[in-house]
Amino acid sequence: MPVSEGKAREESVGELNGKVKTAAVPREVGCLYSGSRFVGMQRSGRNSYEVTVQIQHVDLRESFLCGYLNIKGLTEDWPDLSTFFEAEVIGPKYSFLTRKWDADETIDREHWSKFPDFKAHEGLLNKDQAVYSFAQQNVIFMRWKEHFLVPDHRIKSITGASFAGFYYIAYNKAESTITGFYFHQNSELFQHLSLKHVPDKHFPAYEFR
813 MPVSEGKARE ESVGELNGKV KTAAVPREVG CLYSGSRFVG MQRSGRNSYE
863 VTVQIQHVDL RESFLCGYLN IKGLTEDWPD LSTFFEAEVI GPKYSFLTRK
913 WDADETIDRE HWSKFPDFKA HEGLLNKDQA VYSFAQQNVI FMRWKEHFLV
963 PDHRIKSITG ASFAGFYYIA YNKAESTITG FYFHQNSELF QHLSLKHVPD
1013 KHFPAYEFR
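Numbering (the working numbering), first residue to last: 813 to 1021.
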């Protein structure tokens, strides 16, 4: 079924006695669709790096998306670095608590609190039975975990760079923007990612199923 940018999609996720009704969760929403592209910067201290994110597949019914993250100028040996990442979408399947990747509740709270829109949902942080209904909200929260280097997936580490951590992510539907903060226990805290959607110039993106 073809899906194009900006098309209204049915959204319905609710809570009832701690159980989630997901009968009409959309596969894609807003600018989160297969083939979508975002560009912007990642700031680390006084340095800024150009970033491009290419979304490859989106299935919000499974609280999932994946894609490629490209960052330029991060190291001299790797001036153009691309990684493959997968996302956990906060909602019926994933809670705000990470419980892995060296992130405990304190780390989660510190990073999620960097997003202004999280304040209204802070009470959900340590309540597994309370589910964030992302389809009814303007902001979709996610975790992006980089898995391997592209195109050579055999490379596990790079001098001067790390993809062992993950990003706390907030996608704003109304503004078509993505904001993120990178976390790894041995990296500088709160490296800031700021991305803006790139509109399709000629044709809408289609995914056939």
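Just so you know, even glycine gets a beta-carbon here, dropped at the ideal spot from N, CA and C.
### Query
Are Asp920 and Leu909 touching if we call contact CB-CB under 7 Å?
yes
### Message
By the three-class DSSP mapping on this structure, what secondary structure does Ala932 have?
### Response
helix
### Query
Going by other Cβ atoms of all chains shown within 10 Å of its Cβ, with 16 needed for buried, is Ala835 buried or exposed?
Low per-residue confidence applies at Ala835: pLDDT is 49, beneath 50, and the placement is therefore not dependable, though the value from the model is reported in the following sentence. Here Ala835 is exposed, its C-beta having fewer than 16 other C-beta atoms within 10 Å.
#### Entry: Start-to-end residues for the alpha helix (DSSP H) that takes in Asp1086
Only positions 813 to 1021 of the chain appear in this structure, which leaves residue 1086 out of reach.
### Identified DSSP bridge partners for His869
The partner list for His869 (beta bridge, DSSP) reads Cys878.
### Message
Is it buried or exposed, Arg858, if we count other Cβ atoms within 10 angstroms and call 16 or more buried?
### Response
exposed
#### Entry: Secondary structure of Phe946, DSSP reduced to three states
helix
### Query
Using the beta-carbon count (16 or more within 10 Å), is Thr918 buried or exposed?
Thr918 comes out exposed.
### Task
Confirm, please, whether the CB-CB distance from Ser894 to Ser851 is below 7 Å.
The question names Ser, but residue 851 is Val in the sequence shown. Contact flag unset, no.
### Query
Out of curiosity, what's the CA-to-CA distance linking Tyr906 and His869?
18 Å
#### Entry: For Phe876, the nearest candidate out of Lys912, Ile902 and Ala947 (CA to CA)
Ile902
### Task
Go ahead and pull the three-state DSSP assignment for Thr887.
coil
### Cβ-based burial, Thr991 [other Cβ within 10 Å; buried from 16]
buried
### Task
Note the first and the last residue of the continuous beta strand (DSSP E) segment covering Arg955.
Val951 to Val962
### Message
Tell me the DSSP secondary structure of Tyr845 in three-state form.
### Response
coil
### Task
List the endpoints of the continuous beta strand (DSSP E) containing Val901.
Asp892 to Val901
### Message
Quick check: what's the CA-CA separation for Phe930 versus Glu888?
### Response
Taking the CA atoms as reference points, Phe930 sits about 37 Å from Glu888.
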